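K.L.:
Protein chains: 2
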Amino acid sequence: MKNFTFCVPTKFVFGRGAELQAGALIREFCGTKVLIHYGGGSAVRSGLIGRIEKSLSEARIGYVKLGGVQPNPRDTLIYQGIELARREGVDFVLAVGGGSTIDSSKAISHGVCYDGDFWDFFCGKAVPQRTLPFGAVLTMAAAGSESSNSCVITQESTHTKRGLRTEMNRTRFAIMNPELAMTLPPYQIACGATDILAHIMERYFTCDREVDLIDRLSEGAMQAVIRAARIAVKQPDNYDAQSQLMWGSTIAHNDTLGVGRTQDWGSHQIEHELSARYDVAHGAGLAVVFPAWMRYHYSKNVMRFAQFAVRVYGCAMNFENPEETALRGIEAHESFLRDIGMPLTLNELGARSEDIPAMAAKTKTTNPDGTTGGVFPMTAADIEAILRIADR
Amino acid sequence: MKNFTFCVPTKFVFGRGAELQAGALIREFCGTKVLIHYGGGSAVRSGLIGRIEKSLSEARIGYVKLGGVQPNPRDTLIYQGIELARREGVDFVLAVGGGSTIDSSKAISHGVCYDGDFWDFFCGKAVPQRTLPFGAVLTMAAAGSESSNSCVITQESTHTKRGLRTEMNRTRFAIMNPELAMTLPPYQIACGATDILAHIMERYFTCDREVDLIDRLSEGAMQAVIRAARIAVKQPDNYDAQSQLMWGSTIAHNDTLGVGRTQDWGSHQIEHELSARYDVAHGAGLAVVFPAWMRYHYSKNVMRFAQFAVRVYGCAMNFENPEETALRGIEAHESFLRDIGMPLTLNELGARSEDIPAMAAKTKTTNPDGTTGGVFPMTAADIEAILRIADR
Numbered sequence: 032m033k034n035f036t037f038c039v040p041t042k043f044v045f046g047r048g049a050e051l052q053a054g055a056l057i058r059e060f061c062g063t064k065v066l067i068h069y070g071g072g073s074a075v076r077s078g079l080i081g082r083i084e085k086s087l088s089e090a091r092i093g094y095v096k097l098g099g100v101q102p103n104p105r106d107t108l109i110y111q112g113i114e115l116a117r118r119e120g121v122d123f124v125l126a127v128g129g130g131s132t133i134d135s136s137k138a139i140s141h142g143v144c145y146d147g148d149f150w151d152f153f154c155g156k157a158v159p160q161r162t163l164p165f166g167a168v169l170t171m172a173a174a175g176s177e178s179s180n181s182c183v184i185t186q187e188s189t190h191t192k193r194g195l196r197t198e199m200n201r202t203r204f205a206i207m208n209p210e211l212a213m214t215l216p217p218y219q220i221a222c223g224a225t226d227i228l229a230h231i232m233e234r235y236f237t238c239d240r241e242v243d244l245i246d247r248l249s250e251g252a253m254q255a256v257i258r259a260a261r262i263a264v265k266q267p268d269n270y271d272a273q274s275q276l277m278w279g280s281t282i283a284h285n286d287t288l289g290v291g292r293t294q295d296w297g298s299h300q301i302e303h304e305l306s307a308r309y310d311v312a313h314g315a316g317l318a319v320v321f322p323a324w325m326r327y328h329y330s331k332n333v334m335r336f337a338q339f340a341v342r343v344y345g346c347a348m349n350f351e352n353p354e355e356t357a358l359r360g361i362e363a364h365e366s367f368l369r370d371i372g373m374p375l376t377l378n379e380l381g382a383r384s385e386d387i388p389a390m391a392a393k394t395k396t397t398n399p400d401g402t403t404g405g406v407f408p409m410t411a412a413d414i415e416a417i418l419r420i421a422d423r
Numbered sequence: 032m033k034n035f036t037f038c039v040p041t042k043f044v045f046g047r048g049a050e051l052q053a054g055a056l057i058r059e060f061c062g063t064k065v066l067i068h069y070g071g072g073s074a075v076r077s078g079l080i081g082r083i084e085k086s087l088s089e090a091r092i093g094y095v096k097l098g099g100v101q102p103n104p105r106d107t108l109i110y111q112g113i114e115l116a117r118r119e120g121v122d123f124v125l126a127v128g129g130g131s132t133i134d135s136s137k138a139i140s141h142g143v144c145y146d147g148d149f150w151d152f153f154c155g156k157a158v159p160q161r162t163l164p165f166g167a168v169l170t171m172a173a174a175g176s177e178s179s180n181s182c183v184i185t186q187e188s189t190h191t192k193r194g195l196r197t198e199m200n201r202t203r204f205a206i207m208n209p210e211l212a213m214t215l216p217p218y219q220i221a222c223g224a225t226d227i228l229a230h231i232m233e234r235y236f237t238c239d240r241e242v243d244l245i246d247r248l249s250e251g252a253m254q255a256v257i258r259a260a261r262i263a264v265k266q267p268d269n270y271d272a273q274s275q276l277m278w279g280s281t282i283a284h285n286d287t288l289g290v291g292r293t294q295d296w297g298s299h300q301i302e303h304e305l306s307a308r309y310d311v312a313h314g315a316g317l318a319v320v321f322p323a324w325m326r327y328h329y330s331k332n333v334m335r336f337a338q339f340a341v342r343v344y345g346c347a348m349n350f351e352n353p354e355e356t357a358l359r360g361i362e363a364h365e366s367f368l369r370d371i372g373m374p375l376t377l378n379e380l381g382a383r384s385e386d387i388p389a390m391a392a393k394t395k396t397t398n399p400d401g402t403t404g405g406v407f408p409m410t411a412a413d414i415e416a417i418l419r420i421a422d423r
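Keeping their order, the protein sequence lines are chains A and F. If you read the first sequence in the working numbering, its first letter stands for residue 32, the second for the next number, and so on. If you read the second sequence in the working numbering, its first letter stands for residue 32, the second for the next number, and so on.
1. DSSP on R335/F, reduced to helix/strand/coil?
2. Would you check if the distance between the CB atom of I361/A and the CB atom of M325/A is smaller than 8 Å?
3. Determine, using beta-carbon pairs with one atom in the segment 236-251 of chain A and one in the segment 328-344 of chain A, whether at least three such pairs fall under 8 Å.
4. Name the chain A residues that come within less than 9 Å of F43/F, Cβ to Cβ?
5. Going by the beta-carbon positions, is the gap between A212/A and Q273/A smaller than 8 Å?
6. At which residues does the alpha helix (DSSP H) containing C222/F begin and terminate?
7. Going by DSSP, which residues form a beta bridge with L211/A?
8. With H, G and I counted as helix, E and B as strand and the rest as coil, what does DSSP make of R105/F?
9. Output, in chain order, the set of chain F residues within a Cβ distance shorter than 9 Å of W324/A.
10. Restricting to Cα atoms, I'd like to know which of Y235/F, L115/F, R58/F is closest to S88/F.
11. Taking L244/F as the query, report the chain A residues whose CB atoms sit under 7 Å from its CB, ordered along the chain.
12. Using C-beta distances below 7 Å, list every residue in its chain close to A318/A, excluding the 5 sequence neighbours before and after it, in chain order.
13. Under the three-state reduction of DSSP, which class applies to Q186/A: helix, strand or coil?
14. Please check the pair E50/A and N208/A, which I expect to be a contact at CB under 8 Å, by giving their CB distance rounded to whole angstroms.
15. For a minimum of 4 consecutive residues, which ranges assigned as the alpha helix (DSSP H) are wholly contained in the segment 294-379 of chain F?
16. Helix, strand or coil for G405/F per DSSP?
17. Closer than 7 Å, Cβ to Cβ, to anything on chain A: give me those residues from the segment 226-245 of chain F, in chain order.
18. How far does the alpha helix (DSSP H) with I245/F in it reach, from first residue to last?
19. Throw me the rounded Cβ distance for the F60/F and P164/F pair, which I believe falls under 8 Å.
20. Following the continuous beta strand (DSSP E) through R193/A, name the residue where it begins and the one where it ends.
21. Name the chain A residues that come within less than 7 Å of R47/F, Cβ to Cβ?
22. Could one say the Cβ of D271/F lies closer than 8 Å to chain A's Cβ atoms, at least one of them?
23. With a 10 Å radius around its C-beta and 16 neighbouring C-beta atoms as the bar for buried, classify Q160/F as buried or exposed.
24. Name the two residues that bound the continuous alpha helix (DSSP H) containing L87/F.
25. Here's the rule: buried if 16 or more other CB atoms are within 10 angstroms of the residue's CB, otherwise exposed. What is P216/F?
26. Pick helix, strand or coil for S179/A, following the three-state DSSP scheme.
27. Determine, using beta-carbon pairs with one atom in the segment 398-411 of chain F and one in the segment 281-300 of chain F, whether at least three such pairs fall under 8 Å.
28. If you draw a straight line from the C-alpha of Q101/A to the C-alpha of R419/A, how long is it?
29. Would you tell me roughly how many angstroms separate the C-alpha atoms of A392/F and I139/A, rounded to the nearest one?
30. Does any residue of chain A have a CB that is nearer than 8 Å to the CB of R258/F?
31. Below 7 Å on C-beta distance, what does T287/A contact in chain F?
32. Any contact between the segment 234-241 of chain A and the segment 262-269 of chain A? By contact I mean 3 or more CB pairs, one from each, below 8 Å.
33. Just to make sure I have the definition right: I need the residues of chain F whose C-beta is within less than 7 Å of the C-beta of L248/A. Which are they?
34. May I ask you to verify whether the segment 59-77 of chain F touches the segment 327-338 of chain F, counting CB pairs closer than 8 Å and requiring at least 3?
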């Protein structure tokens, strides 16, 4: 196990009716004037925003509202949010939604405390030093943004999607009521489950040795998420399945399943190019990219991919030919994704073969030598080859 | 999954040489005058206390020292610690040791901020409202006190061992260097592993349904801890095995593996009577009590005990007779405990048959109706029967 630091100070309030505690929680974290930030009208129509307003009013906390967050959240709305928050003297930001809304709220919170352009944080020009406190009412299990140190924003004018990792990105609290996810369409639930699994898998496919504890935890989490996803896409009102997915989304991305090991994150970087260019759901993009990434790299660490096949999907180990077992695991994962209604090819996503070289060239490099990915560093040629695998 | 709140704000700094960050961490948490609290002379002789003193001096932080914490930490030393801390104007307590030292430090920290007798918190007369901030340098993987909300103290004059659960019990930081555990005798390592497993099992043997995610995580953690314990008792200098145990001790007891379910904790209450009366190691007492508790209760939830047998110990499921599988799991756990050198009987612990009724009568009740245990509530007669099973 490698040296690590781990700190997730978020207070999680999980269960039925949890959103009614919003006012009390904001008071606990000293908020007096809140920006309620949300996405489409469904949060309003469902009565969720109304219940939160009531909770805030009962706690004698003022608020303003800003809706309209889109999937792959845009810089344009964030500039509006920063201006609104400054004008209204907001001292706490409350995200009501999924990962996109929470990420948009994080960017607003950092931006309010920064004199320059908040995009500086995302293009590497500056590092956030201060932020407004912010919390989340989660309505969708997917991104794990409710307690991760991540935030991903799209610059609308350039179709550039960039992430920011900093401990400033941790929410003060996360209100998690699985009932709120029951109204999601099955496709969205499936995208969420795919994202959750991808967050675990980016950490799981390490080449580090002697990481048994986190391996076992991760395998257990993947088994539970796979089982719950199969149920939830057919029965969105199944509270228990939604519960496993919602708590799963949190532990999948707050590094509970990632400490002490080299992680990859190459597939996420490739997917960012897909969703920035075609505005597809992040989970759907990952369903296309991840299996292709696995097929491209598995031969470099056959035994780990075989371990995945055996322990997560219950494949029989072929001791004479572990490579065959590794491939069975990738196929099992593809079958699962297909079963829950995810695309597996660029074509199904609406992506074009002719864009592959440009996407490969634009994928963010994460290593000093210009490659991408912590475990299996990839050149643009590698990324192009992976996208070609997905172009079937 | 039941409603829950979860918050573990502790900052974990894990890995080789981590103790050298003590000074910087205390400064981060605004400590200026520290009580370094530790156990026997080994922490001094090994040079660990010296390295920490150096780290504090480099950060220009003053300190006083108080050693002498014994296993099953005593109220008597805690009174000394409170007096010393007040006299010296201490504003931060640093525990250097295992669970006993950390628990003693928690009690001192609470006691300094309380006008009455700190034992009030442990006998239910008062609830701590304030505490000095405190951190830990962990030297032994076992109690999980480095991030749990628990603290257990023994009143020396009455041989009464009582626990306190409060969010005030969370450390500000935990420094965890697995190298520090390498000098422990194998018996201590085995006691620690037994305690870790017991913390998971108290949470695992629930009768709640639809708790798949936490079940899978718990089963994974148990598998990893069992494997690491077998290695570490034979090779105490195996860094990787010690790493799995040390991080395992933390997640086993900070509720990462317990949220959203009814937990039991009856075995712990019974064990407290053993260690208070005979001053045996907590882990050794649990090795005797837990299998007896399992044998007494398994028939009330056969399928869960069969699940434990199959998923944790790899027993074959007997579909015609799940009860047989459940028993194979208990036997497998006993074999494991025996393999790592743990006692399985009261006799091996040095406990006397004639004390059984008194211990059963004295075991702390945890339910309003006078019974003990959250999942399988026990009367004194039940506890006596369990101790009789262990009296073989």
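Note that the Cβ used here is the ideal one computed from N, Cα and C, for glycine as well. Owing to the predicted nature of the structure, the values given are computational and were not obtained by experimental measurement.
P.N.:
On the basis of the supplied data:
1. Reduced to three states, the DSSP call for R335/F is helix.
2. I361/A is a Cβ neighbour of M325/A, given a cutoff of 8 Å.
3. Output reads yes: the segment 328-344 of chain A touches the segment 236-251 of chain A.
4. Neighbours of F43/F across chain A, judged by C-beta separation under 9 Å: F35, T36, F37, C38, V290.
5. Going by C-beta atoms, A212/A is nearer than 8 Å to Q273/A.
6. The continuous alpha helix (DSSP H) containing C222/F extends over residues 217-235.
7. DSSP lists no partner for L211/A.
8. Residue state, collapsed to three classes: strand.
9. Those within 9 Å of W324/A in chain F number zero; the least Cβ separation is about 24 Å.
10. Ranked by Cα distance from S88/F, the options Y235/F, L115/F, R58/F are led by R58/F.
11. Near L244/F (Cβ distances below 7 Å), the residues of chain A are A252, A255, Q275, W278, G279.
12. Excluding residues within five positions, the ones whose Cβ falls inside 7 Å are T225, L368, M373, P374, L375.
13. Strand at Q186/A.
14. Your pair E50/A and N208/A checks out as a contact, with CB atoms roughly 6 Å apart and the cut at 8 Å.
15. Qualifying alpha helix (DSSP H) stretches, in chain order: 297-309, 313-328, 333-344, 353-370.
16. Look at G405/F here: in three-state DSSP terms it is coil, with no helix or strand label.
17. The residues in question are E241, D243, L244.
18. Going by DSSP, I245/F is part of the alpha helix (DSSP H) stretching over 243-265.
19. Contact flag correct, Cβ pair sits at about 5 Å.
20. For R193/A, the enclosing beta strand (DSSP E) begins and ends at 191-194.
21. Below the 7 Å Cβ cutoff, chain A contributes N34 as neighbours of R47/F, in chain order.
22. Yes, D271/F counts as interfacial toward chain A.
23. Flag for Q160/F reads exposed.
24. Per DSSP, L87/F is one residue of the alpha helix (DSSP H) stretching across 79-89.
25. Flag for P216/F reads exposed.
26. Three-state result, S179/A: coil.
27. With three or more CB-CB distances shorter than 8 Å, the segment 398-411 of chain F counts as touching the segment 281-300 of chain F.
28. Answer to the nearest angstrom: the Cα atoms are 29 Å apart.
29. The straight-line gap from Cα to Cα measures roughly 60 Å.
30. Interface residue, yes.
31. Identification of chain F residues near T287/A by a Cβ-Cβ cut-off of 7 Å yields T287, ordered along the chain.
32. With a cut-off of 8 Å, the segment 262-269 of chain A and the segment 234-241 of chain A do not count as touching, because too few Cβ pairs lie within range.
33. Among the residues of chain F, those whose CB is under 7 Å from the CB of L248/A are L248, G251, A252, following chain order.
34. Result no; under three Cβ-Cβ pairs closer than 8 Å.
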